[in-house]
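Each remark here refers to the structure printed beneath this line.
Number of protein chains: 2
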Amino acid sequence: MAGSAERNSAQVIRDEAAKLFFERGYDATTLRQVASAAGLKVGSLYNHIGSKEDLLQQIMGSVIDELLERVQACVAEVESKDPVDRLQAALAGHLTFHAERAQQVFIGNAELRSLPQEARENVVKKRAEYESFLAALVDEAGKAKLAEVIDSKIHVYSFVAQATHVAGWYHPGGRLSLNEIVEIYTRLALRELNVADADERAVGKALAK
Amino acid sequence: MAGSAERNSAQVIRDEAAKLFFERGYDATTLRQVASAAGLKVGSLYNHIGSKEDLLQQIMGSVIDELLERVQACVAEVESKDPVDRLQAALAGHLTFHAERAQQVFIGNAELRSLPQEARENVVKKRAEYESFLAALVDEAGKAKLAEVIDSKIHVYSFVAQATHVAGWYHPGGRLSLNEIVEIYTRLALRELNVADADERAVGKALAK
DNA sequence: GTCTATATTGCGATAGAC
DNA sequence: GTCTATCGCAATATAGAC
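Take a look at the structure:
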């Protein structure tokens with residue numbers, strides 16, 4: 221039973237800090253608030269974190285890396301060679317990740333400025349890599365004449381902007397279920413690309429792992 | 221010649237502060253930096269502002285109010301009774317405003333949390349009003365069978381998310397001109413709504429006042 | 001590991017001379 | 001209006017007892 225649902229202090233601190241950073245922002249959150257939320261006094265925090273900045277990095281950590289891995293994995297699992305199927309798999313992973321890890325994703329976007337230079341540059345680079353990956357999928361669909369691409373960068377911006385926005389308001393139990401959200405935004409995406417039978421294609425494929 | 225291009229101190233302070241708030245965020249910006257950018261010492265700032273919070277409110281001020289007015293005016297000027305024409309006019313105003321006033325819009329979104337309660341609630345209310353206005357335009361197009369509406373709230377979220385994203389990266393002299401940006405995003409919007417001849421309709425109408 | 005001090009820094013804001 | 005000097009406070013971070 222070791223390592224089960226039990227959260228150690230470091231994990232509790234990260235979770236509570238993430239909640240506060242999400243609600244109030246990194247700069248506006250004090251370590252006293254974090255400590256209090258975690259059931260500790262300020263001084264005790266430093267048995268678990270190196271600094272406030274270190275805590276932020278733990279939270280933002282490797283969100284973008286994990287997003288890229290996740291979406292690439294989704295695409296890799298697709299058997300079909302249809303570029304639109306591949307793009308859909310990417311979008312499903314993209315949207316699901318943004319909803320399921322909404323707080324982390326939101327912090328990762330909003331607090332990019334709060335990171336020290338090196339870490340920030342790493343994230344920026346990885347993000348460009350991520351956008352290139354999606355843009356390539358869009359372009360493949362375009363070359364196969366299955367999509368009418370206006371500007372692949374802007375299409376990707378659109379996907380990114382929408383998912384980021386979802387991360388700002390999604391919470392389980394809202395008006396729309398996660399599956400509905402994935403389905404709707406996938407329809408929007410395919411429509412934006414003038415994919416034939418966009419609505420039909422998008423239905424019922426919302427189950428990304 | 222009075223009141224011409226001459227910027228008074230208060231205006232300089234607002235502009236420099238907006239630049240810094242945009243780049244680093246409100247909390248991370250010190251009034252000493254603002255003063256320095258405006259060519260003053262800290263103490264002198266207080267001859268022009270009441271407090272740091274007051275300065276933020278001056279900058280965020282009435283962005284959302286002006287956005288709503290602007291977009292409503294764009295729609296009101298449309299002679300055509302075609303709901304899609306009206307929606308397009310709104311989108312052109314929406315996008316143009318977000319690009320031209322990018323810094324203010326961006327701050328208005330990112331620093332909503334930094335506002336005192338009352339001011340924040342005002343903005344939230346106005347924002348809901350704005351989104352309702354856009355949603356009504358979407359629904360009109362849907363009822364007229366000129367658009368296939370999936371979920372008008374989500375369509376509006378999509379417009380909002382995209383324009384907000386644009387406000388984060390647009391600057392004059394970039395890869396795409398403002399007119400190109402408006403045209404592209406309008407095409408995306410009309411495509412999302414399955415408007416017939418979306419691409420043709422969106423072309424060459426990008427000149428919002 | 002926890003806690004109670006406390007050191008240190010830098011912030012917003014003010015006072016008062018010019 | 002500008003400046004210099006400083007107040008008062010709250011923040012991060014540390015020291016050291018338990």
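Sequence order for the protein chains is A and B.
So the number in the numbering used here is just where the residue sits in the first sequence, counting from 1, plus 220.
So the number in the numbering used here is just where the residue sits in the second sequence, counting from 1, plus 220.
Beta carbons: idealized from backbone N, C-alpha and C, even for Gly.
CB-CB under 8 Å to residue i, same chain, minus the five flanking residues each way: which ones, in chain order?
i, result
"Asn414/B", "Ala367 and Glu368"
"Val376/B", "Glu351, Leu354, Ala355 and Val358"
"Leu396/A", "Ile404"
"Glu349/B", "Leu288"
"Leu240/A", "Thr249, Gln253, Val254 and Ala257"
"Val344/A", "Leu332"
"Asp235/B", "Arg227"
"Gly259/B", "Val232"
"Gly270/B", "none"
Can you list, in chain order, the residues of its chain with a C-beta nearer than 6 Å to that of residue i? Leave out the 5 residues immediately preceding and following it.
i, result
"Val295/A", "Arg306, Ala309 and Ala310"
"Val291/B", "Ala310, Gly313 and His314"
"Ala364/B", "Pro303"
"Arg252/B", "Val262"
"Phe317/B", "Leu287 and Arg290"
"Met221/A", "At Met221/A, the pLDDT of 48 sits below 50, so the modelled position is not reliable and the matter cannot be decided from this model."
"Ser372/A", "Ala355, Val358 and Asp359"
"Gly394/B", "none"
"Leu398/A", "Ala319"
Measure the Cβ-Cβ separation of residue i and residue j and say whether it is below 8 Å.
i, j, result
"Ala322/A", "Ala387/A", "yes"
"Phe326/B", "Phe379/B", "no"
"Leu265/A", "Ile233/A", "yes"
"Val402/A", "Leu315/A", "yes"
"Tyr246/B", "Ala319/B", "no"
"Ala194/B", "Val304/B", "The shown model of chain B, from 221 to 429, leaves out residue 194/B, and the question about it has no answer."
"Arg333/A", "Arg244/B", "yes"
"Ala237/B", "Val254/B", "yes"
"Ile279/B", "Gln324/B", "yes"
"Glu273/A", "Pro336/A", "yes"
Am I right that residue i and residue j are in contact with their C-beta atoms under 8 Å? What's the rounded C-beta distance?
i, j, result
"Leu410/B", "Arg421/B", "6 Å"
"Asn329/B", "Thr384/B", "6 Å"
"Arg347/A", "Ile284/A", "6 Å"
"Ala381/B", "Ala381/A", "4 Å"
"Glu412/A", "Glu286/B", "About 29 Å separates the two Cβ atoms, so there is no contact after all."
Which residues in the same chain as residue i place their Cβ atom closer than 7 Å to its Cβ, once the five residues preceding and following it in sequence are excluded?
i, result
"His268/A", "Ser229, Ala230 and Ile233"
Whole alpha helix (DSSP H) runs in the segment 329 to 401 of chain A with 4 or more residues, listed along the chain? If we require 4 residues or more, the alpha helix (DSSP H) runs fully inside the segment 329 to 401 of chain A come out as 337 to 363 and 372 to 389.
If we require 4 or more residues per run, which alpha helix (DSSP H) segments fall completely within the segment 269 to 293 of chain B? Taking only runs of at least 4 residues, the alpha helix (DSSP H) segments lying wholly in the segment 269 to 293 of chain B are 272 to 280.
Contiguous alpha helix (DSSP H) assignments of at least 4 residues, all confined to the segment 222 to 250 of chain B: Correct list: 229 to 244.
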